[in-house]
Each structure stands twice: as C-alpha cells, then as structure tokens.
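As numbered in this note's numbering, the sequence shown has no gaps in its residue numbers, which increase by one up to the final residue, 190. Every residue, glycine too, gets a C-beta built ideally from N, C-alpha and C.
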Amino acid sequence: MDLLNQATGGDTAAFETLITQYEKLIYNIAWRIMGNAEDAKDIAQEAIIKIYRNLASCKSMAHFKAWAAKITHNACMDELRRRKGKATESYDAMIDLGDTTVERQFEDPTEGPEAALLRKELGGMINDGLSRLSDEHRALLVLRDVQGLTYEEIADIANLPLGTVKSRISRGRSRLKEILLEMMEHK
Numbered sequence: 004m005d006l007l008n009q010a011t012g013g014d015t016a017a018f019e020t021l022i023t024q025y026e027k028l029i030y031n032i033a034w035r036i037m038g039n040a041e042d043a044k045d046i047a048q049e050a051i052i053k054i055y056r057n058l059a060s061c062k063s064m065a066h067f068k069a070w071a072a073k074i075t076h077n078a079c080m081d082e083l084r085r086r087k088g089k090a091t092e093s094y095d096a097m098i099d100l101g102d103t104t105v106e107r108q109f110e111d112p113t114e115g116p117e118a119a120l121l122r123k124e125l126g127g128m129i130n131d132g133l134s135r136l137s138d139e140h141r142a143l144l145v146l147r148d149v150q151g152l153t154y155e156e157i158a159d160i161a162n163l164p165l166g167t168v169k170s171r172i173s174r175g176r177s178r179l180k181e182i183l184l185e186m187m188e189h190k
C-alpha cells in the first residue's frame, strides 16, 4: 500500500511522510508566485491543509506532485486576487532601520564572495523581472521554468487549454526577456 492510500485511510504518519517529500515543492511554488518568504509560508501552510482535506480526490501517487502543485498554485492565485488593488511590499525592498536603510541579504556559505555576488545580482534581476510580469504570466513561468512541470501538468493546474498555456508561457518569457534587457541597459 502506498503513502497516498495510507494517508487517505487516516494514517497521519503516512501523510506527514508524504508532505515531507513535497514540502519544498509547495513552498517554492508559493515563494516564487507570492514573492516573499512570509506570504509563501502562509500559502504553503494553507495549501497543505487543503491537500489534507482533499486527499481522497487525488487520483494516484503518480499524480500527487501535479495535484499538490495545482492546489498551491490556486491558493496563491486566490490570495493575489484578494489583494488586487491593495498595496504590497517587494521582498527585495530596502529594510528601514529608522535612521538608515539596508538591503536584504541572503547568505550562501557554500559559494565564494564573487560567485555569490553574481548569483545574487542575477537572481535579484530575475526576481525583479518576474515581479513586473502579470500574476498569470509569473505563475505559469514559475510552474514551468522553476518547478519544471510539463505543459500538460500546467494546463491541468491552471485549468487552461494546452495551447493557451504554451502561448502564455512564450509571451511571459518574451516579456521577461524585454524587462531584463531594459534593466541591463539602465545599469
């Protein structure tokens, strides 16, 4: 008996094991779509609760990854729709310390300082570029290019026709490229 069947049968240890295998996927989708760690934690938590409540609707263990990604994506999009028109703060905004401001820094001890700086600059540019895309284009690019889901899985997750997914991802990539080129020109 696989973990999904055990968890569906009420085995909480099996559910915990199952979620442990996919919690990084869930969090990463939420972080990339929402744009900051706090919102990502909240959405990931919400998605895990929804996964638990709807476990019986997952077809099989082979479909679990795409099914969990769909629930996470939908939770993110629901939250973004709720926020429409409300002020938001960028996760790469400066931190106000009262008399001064500082830039957020994310340390990676496995890299040398030059590699870390280049990665940080490139990552920051990509994240900034992603944040300038429409919510829908950003979400689709995250699912395809960051999480590596297939177009078919994304079509199912976003509840869109396959051709629409492919064209929106293509347009999103083109727009992201334009944004990144503009950013490079102004640097």
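Extent of the continuous alpha helix (DSSP H) run through residue i
{"i": "Gln150", "result": "Looking at the DSSP string, Gln150 is not in any alpha helix (DSSP H), and its letter there is neither H nor E."}
{"i": "Met37", "result": "15 to 37"}
{"i": "Arg178", "result": "165 to 188"}
{"i": "Asn8", "result": "6 to 11"}
{"i": "Met80", "result": "67 to 86"}
{"i": "Ala40", "result": "40 to 56"}
{"i": "Ala59", "result": "Here Ala59 belongs to no alpha helix (DSSP H), and DSSP marks it neither H nor E."}
{"i": "Arg135", "result": "Run containing Arg135: none; DSSP gives neither H nor E here."}
Contact check, residue i vs residue j, beta carbons under 9 Å
{"i": "Ala161", "j": "Ala142", "result": "yes"}
{"i": "Ala78", "j": "Ala40", "result": "no"}
{"i": "Ile172", "j": "Arg147", "result": "yes"}
{"i": "Ala59", "j": "Thr11", "result": "yes"}
{"i": "Tyr30", "j": "Ala17", "result": "no"}
{"i": "Leu28", "j": "Ala65", "result": "no"}
{"i": "Ile182", "j": "Gly132", "result": "yes"}
{"i": "Glu156", "j": "Ala50", "result": "no"}
Cα-Cα separation between residue i and residue j, rounded to whole angstroms
{"i": "Phe67", "j": "Gly101", "result": "47 Å"}
{"i": "Leu144", "j": "Gly175", "result": "7 Å"}
{"i": "Val149", "j": "Asp138", "result": "15 Å"}
{"i": "Arg86", "j": "Thr75", "result": "17 Å"}
{"i": "Asp111", "j": "Lys73", "result": "In this prediction, Asp111 scores a pLDDT of 46, lower than 50, which makes its location untrustworthy; no coordinate-derived value is stated."}
{"i": "Thr103", "j": "Gly127", "result": "22 Å"}
{"i": "Lys179", "j": "Gly13", "result": "Per the sequence shown, residue 179 should be read as Leu rather than Lys. Between Leu179 and Gly13, the C-alpha separation is close to 44 Å."}
{"i": "Leu165", "j": "Ile36", "result": "21 Å"}
{"i": "Leu7", "j": "Leu125", "result": "39 Å"}
{"i": "Met80", "j": "Glu117", "result": "36 Å"}
{"i": "Ser170", "j": "Asp5", "result": "37 Å"}
{"i": "Ser134", "j": "Glu26", "result": "23 Å"}
{"i": "Lys44", "j": "Leu184", "result": "32 Å"}
{"i": "Thr167", "j": "Ser177", "result": "15 Å"}
{"i": "Lys123", "j": "Gly38", "result": "15 Å"}
{"i": "Gln9", "j": "Ser63", "result": "12 Å"}
{"i": "Leu136", "j": "Thr153", "result": "21 Å"}
{"i": "Leu83", "j": "Cys61", "result": "25 Å"}
{"i": "His189", "j": "Leu163", "result": "36 Å"}
Exposure of residue i, with buried meaning 16 or more beta-carbon neighbours within 10 Å
{"i": "Met187", "result": "exposed"}
{"i": "Leu121", "result": "exposed"}
{"i": "Asp42", "result": "buried"}
{"i": "His140", "result": "buried"}
Q.
Between the region 16 to 26 and the region 43 to 62, can you find at least three pairs of beta-carbon atoms closer than 8 Å?
A. yes
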